[in-house]
Ligand code: ADE
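In the numbering used here, the protein residues as written are 453 to 695.
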């Protein structure tokens, strides 16, 4: 997968060299390039923002540097996907990450200030798929941190990036539920014992216990996820077993 990131703060992305994504880049599974939006400005001050029409606080990112950047980066055959992190977007989720992981080319447009002139996204939508995504219902100073989070969530789903693909299956959100609790040695630690079923060697009982833990945890911490599953089950057949 090829990923281009456009930002006025390229330094934010230096962390891409470390950890799992760093190795994926070295292994040639992910090809990530970070670009400075100011490289597509033409004035002496390398200006990327201006005051909003209609008044109001803050600054808006000017359209032309973005158009120049996207004209340089988007594939002419329309196969790129433009991802715009914004608190005004669709909530990012594991299913969305799975969808993006099948793309061949992602371009992240990291806006700052009050966002990018709205005409840019309409213009881009005539050239590629455009998706505005929010990390959650809170406001960050810009799209950079959100793009990093999305890239990590998407990148680890690209085949080969995570060494053991089985570890991707039994994770929170993969089946719409939170993950069950995990334990390692020693079996008793500071007076606290591991649930005995996990030491039983009885795989069916362990699976059943883990499923019950997932359901209990999800009901307690994220009841909204259970409602979603019930809704999907109503629409598309059997869903989570009720306990
Ligand atoms: N930019 C600013 N806040 C954001 C958020 N919550 N999600 C995605 N991008 C953002």
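Glycine residues also receive a C-beta, built at the ideal position from the N, C-alpha and C atoms.
Model, not experiment: these values are computed from the prediction.
At a Cβ-Cβ threshold of 8 Å, residue 556 and residue 583 do not count as neighbours. Around the Cβ of residue 528, a 10 Å sphere holds fewer than 16 other Cβ atoms; the residue is exposed. The C-alpha of residue 668 lies about 21 Å from the C-alpha of residue 546.
Residue 522 and residue 536 have their alpha carbons spaced roughly 12 Å apart. Taking all protein chains shown into account, residue 638 has fewer than 16 neighbouring C-beta atoms within 10 Å of its C-beta and is therefore exposed. The C-alpha of residue 478 is placed about 37 Å away from the C-alpha of residue 677. For residue 607, the uninterrupted alpha helix (DSSP H) segment begins and ends at 596-607. In the DSSP assignment, residue 564 forms a beta bridge with 594.
Pairing residue 486 with residue 457 gives a Cβ-Cβ distance under 8 Å.
Note on geometry: alpha-carbon atoms of residue 464 and residue 551 lie some 25 Å from one another.
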